[in-house]
Each structure stands twice: as structure tokens, then as C-alpha cells.
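Below: one structure, written as C-alpha cells.
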Amino acid sequence: MPPTTMYCKEMFHQVVRGYNRDNFDRNLTNKYCKAAMQQPSCNICNKLWEGKIRILRCGHSICEKCASDLLSANDNRERFIKCMRCGKISHCNNGVEDLWRNYMLEEAIEMFRSNAAVATNGDNDKQGNGVGGSSEDSALQQ
Numbered sequence: 003m004p005p006t007t008m009y010c011k012e013m014f015h016q017v018v019r020g021y022n023r024d025n026f027d028r029n030l031t032n033k034y035c036k037a038a039m040q041q042p043s044c045n046i047c048n049k050l051w052e053g054k055i056r057i058l059r060c061g062h063s064i065c066e067k068c069a070s071d072l073l074s075a076n077d078n079r080e081r082f083i084k085c086m087r088c089g090k091i092s093h094c095n096n097g098v099e100d101l102w103r104n105y106m107l108e109e110a111i112e113m114f115r116s117n118a119a120v121a122t123n124g125d126n127d128k129q130g131n132g133v134g135g136s137s138e139d140s141a142l143q144q
């Protein structure tokens, strides 16, 4: 029986919080988890995470590009970002660098993408598409 969407999301959130790293690879390579999980996206632009991710003072995250765009749109006298989820203000007088990077989320996203790519290549190999495969397989063919 495939894992539920709730299970997959909980596994992802545990990794983001720093728990359950050992089970992350095994659980997210499951094709049902990949399908149910839906990669998270920026709270501002709703695009999938790319590049650096910044943490607002309220704890919510946004991509660095959106943070930079929001700061440049504000009056130069008072630089802040208002969280789109909770409405709390994050003051950024020195620019985006005032916001901490969300390294845990960046790492979790990278692990998720890597596992999704590996799982996809594994599925293609099982279907006989010749994509992916191990170095042992290619050595045996030579």
C-alpha cells in the first residue's frame, strides 16, 4: 500500500527540522511519495525553490530574489518585508543579507531533487529505456 500524502509531507518536514535524515533517501525515492509530496514553493512568487532561500523573522521562508525585489520596492528610508502568510514585519536595513539563509530547507530541496532524479532514472532502467544504470552495467556491456 503506498504511503499517504500526509506521511510524505511529514517526512519532508522532519528533514527540514533536522530529524530523520537516515530515512529521507529511502522514503522519498518511493514514487508514491514523490507524486504526493509536491515540492514546496516560495510564499511570494509561488515558484519552486531555486537558489538561496531566506528566513523572515516570523520563521517563514522566501526566495532571495523575491526578498530583494520586495526590498527594492520599499521606500529607501525604511527597508522591510511583510510576510505574505502571517503579516509580520522583518526589518532589513542592510538588505537581504540581514535575513538568515535557510540552509536546512536548501539542503532538503537538493536532496529531494537528487532522489527524484535517481528514482526517475531507476524507473526508466526498469522499463528498458537505457537511461541511467550503474557503472557495473556499462562495464558488463563492454
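Residue numbers for the sequence shown follow my numbering, beginning at 3 and rising by one. Built from N, CA and C at the ideal position, the CB exists for glycine as well.
query: Taking all protein chains shown into account, do 16 or more other C-beta atoms lie within 10 angstroms of the C-beta of Leu72, making it buried, or fewer, making it exposed?
result: With 16 or more Cβ atoms within 10 Å of its Cβ, Leu72 is classed as buried.
query: So, helix, strand or coil for Arg115, using DSSP?
result: helix
task: Consult DSSP for Lys33 and reduce its assignment to one of helix, strand or coil.
output: Bear in mind that a pLDDT of 46 at Lys33, under 50, signals an unreliable position, so the number given afterwards is only what the model happens to contain. Reduced to three states, the DSSP call for Lys33 is helix.
message: Looking only at its chain, what residues have a beta carbon closer than 8 angstroms to the beta carbon of Cys94, apart from the 5 residues adjacent to it on each side?
response: Ala69, Leu73, Arg81, Phe82, Ile83, Asp100, Leu101
query: Using a Cβ-Cβ cut-off of 7 angstroms (strictly less than) and excluding sequence neighbours within five positions of Arg59, which residues of its own chain qualify?
result: Lys90, Ser92
message: Just to confirm my understanding: we take Lys54, look at its own chain, exclude 5 residues before and 5 after, and list those with CB closer than 8 angstroms. What are they?
response: Same-chain partners within the cutoff: Cys65, Glu66, Arg103, Glu108.
Residue burial classification, Asn117 (beta-carbon count within 10 angstroms, cutoff 16): buried
- request: In the DSSP assignment, find the unbroken beta strand (DSSP E) run with Ser92 in it and report its ends.
  value: 91 to 93
- prompt: Going straight from the alpha carbon of Leu30 to that of Phe114, what length do you get?
  reply: Note on Leu30: pLDDT 48, under 50, position unreliable in the model; no value is reported.
task: Check Cys68 in the structure and name its three-state DSSP category.
output: Helix.
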